[in-house]
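At position 113 of the sequence shown (counting the first as 1) the number is 653 in the numbering used here, and the numbers step up by one without a gap.
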Amino acid sequence: MKGGDKMSDDINDLTKPKQTESIYKLLLAEDDFANAEYVKLVMRHQNINVIHAKNGSEALDMFKNTPLVDIILMDIKMPIMDGYEATREIRKLNLKIPVIALTAFALDGDREKALNAGCTDYLTKPVSKDILLSVIGSYLAKI
541 MKGGDKMSDD INDLTKPKQT ESIYKLLLAE DDFANAEYVK LVMRHQNINV IHAKNGSEAL
601 DMFKNTPLVD IILMDIKMPI MDGYEATREI RKLNLKIPVI ALTAFALDGD REKALNAGCT
661 DYLTKPVSKD ILLSVIGSYL AKI
């Protein structure tokens, strides 16, 4: 029965591990649980492993202690250490890693402030899955 064979093939394709694809590592600095879960969900099927920090200080520690982080998504307003300070500290350690501000701050001057702190790019919340993946993909393609 051909229909059954097709279904078996489809199931086999789903259970086979992907080959020759690299796994990227994304450091997410985000204090809001719902926002963090959204990013994790979007990245789950994109071959991107998410490491989650709940504030800028945690993000800085994770960056120092986690080898081979490829890209950072940085919330701006967080407890203990905000995203501006965390980005400035990360830039002292690494000038090249893409740091993308992902923030609800959308007033005039907020983008400039993030870029001046060392962010590579700036996205405002809420951000669509397509825009998030497009921006992250554009930086990962350069690695």
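We put the CB at the ideal spot given by N, CA and C, even for glycine. The structure presented is a predicted model; accordingly, all values stated were derived computationally and were not measured.
> Looking at the unbroken alpha helix (DSSP H) that takes in I676, where does it start and where does it end?
Replying inline: K669 to L680
>> Please classify F573 as buried or exposed, where buried requires at least 16 other C-beta atoms within 10 Å of its C-beta.
In response: exposed
> Taking Cβ positions, are M618 and D571 nearer each other than 7 Å?
Replying inline: yes
>> Is I563 a contact residue of the ligand COA, with contact defined as CB to any heavy atom under 6 Å?
In response: Absent from the structure shown: the ligand COA. Ligands present: none.
> Are the beta-carbon atoms belonging to L613 and L633 less than 7 Å from one another?
Replying inline: no
> How long is the line joining the alpha carbons of V600 and I630, rounded to whole angstroms?
Replying inline: A small correction: the amino acid at residue 600 is Leu; Val does not occupy that position in the sequence shown. The alpha-carbon atoms of L600 and I630 are separated by roughly 6 Å.
>> Measuring straight from C-alpha to C-alpha, what distance separates L673 and Q586?
In response: 9 Å
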